Each structure stands twice: as C-alpha cells, then as structure tokens.
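Remarks on the structure that follows.
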Amino acid sequence: MINWSELLPKLSFTFEKIEIMNFSIQPTLENDIVSLVPLEKHDFEELFEVASDPKVWEQHPNKERYKREVFENFFQGAMESKGAFLIIDQETEEALGSTRFYDYNEKDNSILIGYTFYGTKSWGKNINSSVKKLMLDYIFEFVDKVIFHVGKDNIRSVKAMTKLGAENLGEEEVAYFGEDSKTNIVFQIKKENWKSE
1 MINWSELLPK LSFTFEKIEI MNFSIQPTLE NDIVSLVPLE KHDFEELFEV
51 ASDPKVWEQH PNKERYKREV FENFFQGAME SKGAFLIIDQ ETEEALGSTR
101 FYDYNEKDNS ILIGYTFYGT KSWGKNINSS VKKLMLDYIF EFVDKVIFHV
151 GKDNIRSVKA MTKLGAENLG EEEVAYFGED SKTNIVFQIK KENWKSE
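Each residue of the sequence shown is one higher than the one before, counting from 1 in full-length UniProt numbering.
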C-alpha cells in the first residue's frame, strides 16, 4: 500500500477571512413613489443628465461631480460597489438620482448607505425619505445597524438624517472612491430604533 503522506510534500493552506453576505445589497425595491433598480452601465447618460447640474453638488463633499470626467469616476465607484441603484419616479419613469448600499461589515453586522444624490426637481418632495424608508425596511431584515457619511457642510442631508432619527456619532475623515478625503459627519440608525411605518 502506498503511503501518500510520505510521497506528497506537506501542504498548508491559509485562508483569508471573507465577508460573506447571505443577502443581496442590490435588490429591486419599490413603493408608490419610486423604484430603486440595480444601476447598470447603460444608465450612465441618463444619470449624468441628472448629475450635470452644479446645484445638485453644492453641498456635497465633492462639488465638481457635475463635470463629466469627475462623474465618470463617481459612476465607476457605483458600478464597482455592486450595491448602487438608479432611483426612478414611478409616475414619470424618469431618473431622479442614485444611492447605494456599501461596505458591509460582518463583524459589526452593519452596512453603509450613501453616495446619494437627487436632481433639483426632486428636492422638497419627500423623495429622499421615501427612498431611505425602502432601503432601511429592506436592509434591517439582515443587519443590526446602518451607517451614513454626510459631508459636514451638507445642511440638507444633515437635516434629512435628523428627520430619520439617526444618531450623530461625530466627525470623521472619509475618502470617497477615487477622491481625496473630506470631513464627514457620521450618523447611525440601529435596527431596534428603526420604526417602519
């Protein structure tokens, strides 16, 4: 009988811990107001049309995203995240903006929601609260907390976080995909504090 253990060299394997999610971070979500559909490469032009207005980015950490070459980097990050959505108006079927789930942390059982923007015609119409409710109702089936990074000068988004009942955890330097780091306010909503209505 052959003793294979003597003939074969001793092998040892090292496996890196891989964060495995047992849920999708890019489902299709919808209500009576909006649909969130997985962002695809062919959505670039339609989304850039919304993003090309400088007013959209006035309070965001990177105010230059209205420029095509800067938005191309933003869009590339969205595609690579595999958690980005195109936000569509249910009534008109027009693109309103984009948002995404990203950076799932298995140890903390948390995920981030961010990179959200809307065209100016969506402002003041409760689109953001409708989108966040869809996302939070879905993701709290799987995680214990959701983190948000909001540019410290983004007064609109800070107010929106407060309206959602998010807890302000303080400031942090955040490097967005392919961009320099900027000071952000970190917000958190815990599953036990989220009231789906």
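Note that beta-carbon positions come from the ideal geometry of N, C-alpha and C, so glycine has one too. If you're wondering where the values come from, they're calculated on a predicted model, not measured in any experiment.
(message) Within a Cβ cutoff of 8 Å, which residues of the same chain sit near Trp4, ignoring the five residues on either side of it in sequence?
(response) As a working note, residue 4 is residue 4 in the sequence shown. Since pLDDT at Trp4 reaches only 47, below the 50 mark, its modelled position is unreliable, and the value read off the structure follows with that caveat. None.
(request) For the alpha helix (DSSP H) containing Lys133, list its first residue and its last residue. (result) Indexing the sequence shown from 1 puts residue 133 at position 133. Note, Lys133: alpha helix (DSSP H), Ile127 to Ile139.
(request) Out of Phe71, Leu134, Gln188 and Phe142, state which residue places its alpha-carbon closest to the alpha-carbon of Phe48. (result) By one-based count along the sequence shown, residue 48 stands at place 48. Per the Cα distances, Phe71.
(message) Check whether the stretch 101–117 and the stretch 144–162 are in contact - that is, three or more C-beta pairs closer than 8 Å.
(response) yes
(request) Could you name the residues of the same chain whose beta carbon sits closer than 8 Å to that of Asn184, not counting the 5 residues immediately before and after it, in chain order? (result) The residue given as residue 184 occupies position 184 in the sequence shown. Cβ within range, chain order: Pro61, His149, Val150, Gly151, Lys152, Glu171, Glu172, Glu173 and Val174.
(request) Kindly give me the distance between the Cβ atoms of Leu136 and Ile189, rounded to whole angstroms, as I take these residues to be in contact under 8 Å. (result) As a working note, residue 136 is residue 136 in the sequence shown. As a working note, residue 189 is residue 189 in the sequence shown. Correct: roughly 7 Å between the Cβ atoms.
(request) Using 10 angstroms around the beta-carbon of Gly165, count the other beta-carbons present and answer buried if the total reaches 16, otherwise exposed. (result) For this step, residue 165 is matched to residue 165 along the sequence shown. Exposed, since its Cβ has fewer than 16 Cβ neighbours within 10 Å.
(message) Asn109 and Val143 - do their beta-carbons sit closer together than 8 Å?
(response) Sequence index remark: in the sequence shown, residue 143 carries index 143 (1-based). Sequence index remark: in the sequence shown, residue 109 carries index 109 (1-based). Contact: yes.
(request) Determine the direct distance from the alpha carbon of Phe75 to that of Leu7, and round the result to whole angstroms. (result) Counted from its first residue, the sequence shown places residue 7 at position 7. Counted from its first residue, the sequence shown places residue 75 at position 75. With a pLDDT of 48 at Leu7, under the threshold of 50, the predicted position of this residue should be treated as unreliable, and no value is reported.
(message) My output table needs one value for Arg65: the three-state DSSP class, helix, strand or coil.
(response) One-based indexing of the sequence shown puts residue 65 at position 65. Arg65 falls in the coil class under three-state DSSP.
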